[in-house]
Amino acid sequence: MISILERVKTALGPEMAGPGLAFVAVVLVFGIASPQFLSAATFGSVAFQLPELGLLTLAMLLPILTGGLNLAITFTANIAGLTVAWVLRENGGVDAGIGIFIAGCLLALMVGAASGVVMGLVIAFTRAHPILVSLSMMIFLRGLGEFLTRGGDISGFPAFMGPIGHGSIAGIPVPLIVFIACVLGWHVLLGRTKLGFNTYMIGSNLEATRYSGINTRKAIVLVYTLSGVMCAIAGIIMLARFNSVRIGHGESYLLITVLACFLGGVNPFGGFGRVIPVFVALVVLQLLSSGLNLIGANQHLATAVWGILLVGVMILRWVASRIKISIVRRGS
Amino acid sequence: MRSLIRTHATEFSLLAVIVIISTVLSVATANFFSLGNAFDLLNISAVNIIFAVGLLVVLIAGGIDISFAVAASVVQYCTAIALGWIGGGGWISGLLIAGSLGVLLGCLNAFLIHRFRIISIVATISTFNIYFGLLMFFTRGVSIYDLPEWLTDRVILFEQEMPDGTWIEITLPVLVMVICVVATWMLITRTTIGRQLYAFGDNPEGARRFGINIGAMQFIAFGWLGLMAGIGGLIQAHYAQEVVPNALYGRELDVLAAVVLGGARLGGGKGSVLGCVLGVLLISITQNGLNLMGVSPFAFKMIVGAIILVAITLSNTRIERLLPFVGRGAGR
Amino acid sequence: MHQATSATVGEKPLLSLRNINMTFGGVKALKNVSFEGRPGEVHCLAGENGCGKSTLIKVITGVYRPADGAVIEYDGEIYSHMSPVTAQDRGIQVIWQDLALFPEMSVAENIAFHEVLGRRPRLVDYNRMRRIAIDALARLGVTLDVELPLKEYAIAQRQIVAIARALIGEAKLVFMDEPTASLTQSETDHLLEIVRTLSASGVAVVFVSHRLAEVLEISSRITVLRDGALVGVYPAAGMTQSRITELMTGKTFDQHVRARPRDDQPVVLEVRGLTRPGQFEDISLTVRRGETVGITGLLGAGRTELALALFGMLKPASGAISIEGKEVRFGSNRDAIKAGVAYLSEDRLSLGLIQPQAIADNLVIASLRKILSGGLLSEDRKRSLVSRWIADLGVRIGRQADAISTLSGGNQQRVAIAKWLATDPKLLILDCPTVGVDVGARAGIFDIVARLAESGLAIILISDEVPEVYFNADRVLHMAQGRIVGTYDPRQARLEEIEAAVYA
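Encoded structure:
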């Protein structure tokens, strides 16, 4: 029994404490404050809102684990969405077939990957700071997108795309299924593959990792490439959900994804952090905004509360470390 | 001379790039190479330069601040309301109110960072969301157009028509910008506090052993950025003649890119006011030049992004490799 | 052994500590320690890593506050604890092991930091700062461009800057924590000269170094600590290195030459005329199966660069490397690892191991393919691989998931060796494997090296401590200025002979 608990504990890791606590607190507070909170409606709204932010957060997670950051995620997603839109429009618009759509998606994934490859190469070979590289990539992609769309919306897509954004399979929204599949994919990637292993090691000490015979450049390029691919998936989901593409859509998610990672216990300097706690953190954030919605607040207040939540969790971590120190002292 | 180039490599290469771009632009366009245009550039860049020198101080002290641009928006809004209460006010009262509010918001960041040992990027991403969320929540996104007259009237301190028919104008924003730049330069190069900030950013543990007051360093750095954000916010309201709650949203990353382009190091201990100003100017000059060349405004950002990406790539591929005559340092 | 320099040593102690106790998180770091320093004396503080040397220095300089009952008597006044400000104001200066310098700031600012950039806000007097810096350097007989950022200078000059900084103002008591750790021999000689000048001028110097030869050469008295407790205070005259080692560890070591003939074994590594201008020139050597070849020489002789070239991380300009008779060209260290070369870095903290990460992950990082199962990393395989090596090399650990930084230097080094053994190497290059390892634990490391050689591994053992290679290698190569200038057989040559050649 104890060994199972121990195993669960090591599987969840120390990162779980923050988001886990926040989860319980949010459910308790809103459960008491609003009788409708613990209902299928809340689940429904969370389930539909979670994937967009969630997929982008997954895209942000990998670079943060290597000690970097990818500030280009939202615009990479936009450009990927734009790619699908362009392929569809060039091939019949509303009447385009499903084959065209799939081709568009593949091209979009490649576009996302390309943005990641460029960033990865620059970061790996010049050792430029990832914040700066991804920032300039973000400015570039935003400019590119605005140039291509002239700042407007692009819409008019085939009807079969609706279910991808709004449909459900066995009661579970399709975007959520895609998201959960990606979460599991990332979980396996980080926990069970060489690339995941190397990601953590690079995040803690790049040079020592290189001395250990790891191709750190390849790993960094792959990390940013995968991040770009994940952005593209997010972009496709966003396209299907809104039935339109606009450059700048989801822009406000950018810093929220970073917030979600930190809330999920990811070390801001890299090297430590797991997918499942980040997933829980994302659920907490969405529950918070749904709960606030129920008691009449809007998304902006929810944004502020997200910020307060992160500060709160950080202060609690500080208090916990203080208590730990004082216990050790007293124990002597 | 060689050692001057070696110790100020970033400033020199920025200057060189600016000279090259300016030469190209003066050949390609009729209007670029005129004093009138040069002063236009200063007018346009004033607010960004004010923000940039503030952010520079935080970067030198080893921190980062994501929240200053939305903090400036909060300051704008609150100042506009406060000026209403006191019945209009004037430039002195306006700057005092904006400055103190800015310092207050900056100090909140410093408090979180110092008191609870929260890493600056985590703390300021939180406050970014808190400030922006609350601002949008309380203002409901409504802009203020009804500003006091003194604030919206253009203040031209000096004007003169040039022989080529263009006008030289020095406006209030430029004067304020120059004062902020000089004050920051004084602070970080001429005072013991400034040198302590460098030392703290360069080697925090070493600084601590020297008995430097770490808490004071955080409050001074973030307080100074807050002051600059407050002043910059008011000047921006003056320049735009309106207060739009989300007008400065996203500005933080543009300014960050310019400051780091100017040689400041994420991680602390390095950066100069000159480099910082040149970084902002390089971006403005490029935009201005593209504008004059008749390039679509939608393409600006794309090109600017590409230029920053190339600049970073080059500046990180070791200046020695590009300038063989500089020779190798004494390091082994 | 060398006689202590005869300086005018004051009769009355400048500093006298009694009853110093210090506890960290339940561990007693200092137990009732006393210490004394006289004006004009060079007093050495000796002990293994973690014996409490650094803690004691931090107590004296006010960084730590000792438990109640402590008596710190300094220059006629009695304190229960110090503060960094009081300590500096009263002339106590420390040259920390990590120097605590500011690389981006100018040499002048680094030297005159306390004096000019002090604590009160005011304008910086750059002229005064420059004058102070130039004067301070002149006192040490050094000229540097004080306007340049410190990072432009190499470690030896930085060391001098740190000393110059300590001498500003009225330094009465100067602590030097491992000041020679990263200096070459001539730089060390220069530093010791400076220390002598200092003590001759009446300054009390407390010198901490793991290089016992230096300790005997420079100091007049030696205080030995073990496990946070005082072992005793001894005059340096009549002391020997082995006696100090015994006092530090509480054990006696019987060192004998382990060299034995390996000429009948097949050649594993053959290097012909390997050259990388400015780093190493015309290096030729062979290492046979089961043979341990020692390479010694001063810091900066090109030892590490040669090792990195054999490990594929530096490209030689000319020459050839063959492994088991096949010529190899390495594009990266991955090729070298594949060919059976392993390299244990001298810089365990930042290159050898990934300090914040788990012991298990550090151990398997170079041999991930061994724990793959169906294309994915297997937790079970990892655990059993790690357990096997931990047991094999006798590493004492808590849990495999603990960070490697929680281990002692000796245990960390064992994990680092295990990491490379897990790659099934043919040739293991050990670059200064005892750096930061306690004297007591070093023997354990060399026992492992001997066992590995016995099992047929070819080993290159690099060390700047001649006795290490003399006692543990089958052949000793002497490198100087990038070239191999001498080859010795420990069974025929005497230790003193090799030392004389190396330190000449």
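From first to last, the protein sequence lines are chains E, W and A.
Sequential numbering from 1 applies to the first sequence in the working numbering.
Sequential numbering from 333 applies to the second sequence in the working numbering.
Sequential numbering from 665 applies to the third sequence in the working numbering.
The C-beta atom is built at its ideal place from N, Cα and C for all residues, glycine as well.
Just so it is clear, the structure is predicted and the values come from calculations on it, not from any experiment.
C-alpha gap between residue i and residue j, whole angstroms
i, j, result
"residue 1060 of chain A", "residue 1052 of chain A", "13 Å"
"residue 149 of chain E", "residue 634 of chain W", "13 Å"
"residue 157 of chain E", "residue 243 of chain E", "7 Å"
"residue 859 of chain A", "residue 826 of chain A", "13 Å"
"residue 440 of chain W", "residue 1127 of chain A", "53 Å"
"residue 225 of chain E", "residue 231 of chain E", "10 Å"
"residue 450 of chain W", "residue 438 of chain W", "15 Å"
"residue 1000 of chain A", "residue 975 of chain A", "5 Å"
"residue 42 of chain E", "residue 292 of chain E", "11 Å"
"residue 715 of chain A", "residue 706 of chain A", "20 Å"
"residue 505 of chain W", "residue 379 of chain W", "7 Å"
"residue 666 of chain W", "residue 767 of chain A", "Given a span of 333 to 664 for chain W in the structure shown, any question on residue 666 of chain W remains unanswerable."
"residue 671 of chain A", "residue 863 of chain A", "Model confidence at residue 671 of chain A stands at a pLDDT of 43, short of 50, so the residue's coordinates are unreliable; what they give is reported in the following sentence. If I take the Cα positions, the gap works out to 7 Å."
"residue 385 of chain W", "residue 557 of chain W", "8 Å"
"residue 700 of chain A", "residue 682 of chain A", "9 Å"
"residue 369 of chain W", "residue 945 of chain A", "60 Å"
"residue 739 of chain A", "residue 756 of chain A", "11 Å"
Residue i (DSSP reduced to helix, strand or coil)
i, result
"residue 38 of chain E", "coil"
"residue 340 of chain W", "coil"
"residue 899 of chain A", "strand"
"residue 709 of chain A", "strand"
"residue 960 of chain A", "strand"
"residue 1079 of chain A", "helix"
"residue 194 of chain E", "helix"
"residue 1165 of chain A", "helix"
"residue 663 of chain W", "Because the pLDDT at residue 663 of chain W is just 30, under 50, the model does not fix this residue reliably, and the point stays unresolved."
"residue 154 of chain E", "strand"
"residue 134 of chain E", "helix"
"residue 477 of chain W", "coil"
Exposure label - residue i; buried when at least 16 CB within 10 Å
i, result
"residue 234 of chain E", "buried"
"residue 642 of chain W", "exposed"
"residue 904 of chain A", "exposed"
"residue 625 of chain W", "exposed"
"residue 1151 of chain A", "exposed"
"residue 688 of chain A", "exposed"
"residue 322 of chain E", "exposed"
"residue 146 of chain E", "buried"
"residue 676 of chain A", "exposed"
"residue 791 of chain A", "exposed"
Residue i vs residue j beta-carbon contact at 8 Å
i, j, result
"residue 541 of chain W", "residue 764 of chain A", "yes"
"residue 1138 of chain A", "residue 957 of chain A", "yes"
"residue 461 of chain W", "residue 301 of chain E", "no"
"residue 796 of chain A", "residue 832 of chain A", "yes"
"residue 821 of chain A", "residue 855 of chain A", "no"
"residue 483 of chain W", "residue 426 of chain W", "yes"
"residue 381 of chain W", "residue 494 of chain W", "no"
"residue 883 of chain A", "residue 939 of chain A", "no"
"residue 1076 of chain A", "residue 1033 of chain A", "no"
Candidates the options, of which the one nearest residue i by Cα
i, options, result
"residue 120 of chain E", "E/165, E/80, E/71 and E/101", "E/71"
"residue 781 of chain A", "W/629, W/539 and W/435", "W/539"
"residue 1015 of chain A", "A/678, A/968 and A/798", "A/968"
"residue 818 of chain A", "A/848, A/830, A/839 and A/792", "A/848"
"residue 59 of chain E", "E/295, E/240, E/113 and E/246", "E/113"
"residue 762 of chain A", "A/1036, A/718, A/867 and A/978", "A/718"
"residue 553 of chain W", "W/456, W/356, W/405 and W/388", "W/388"
"residue 287 of chain E", "E/22, E/185, E/15 and E/176", "E/22"
Proximity test, residue i beta-carbon vs the ligand NAD heavy atom, cut-off 7 Å
i, result
"residue 207 of chain E", "The model on display carries no ligand, and the ligand NAD is accordingly not part of it."
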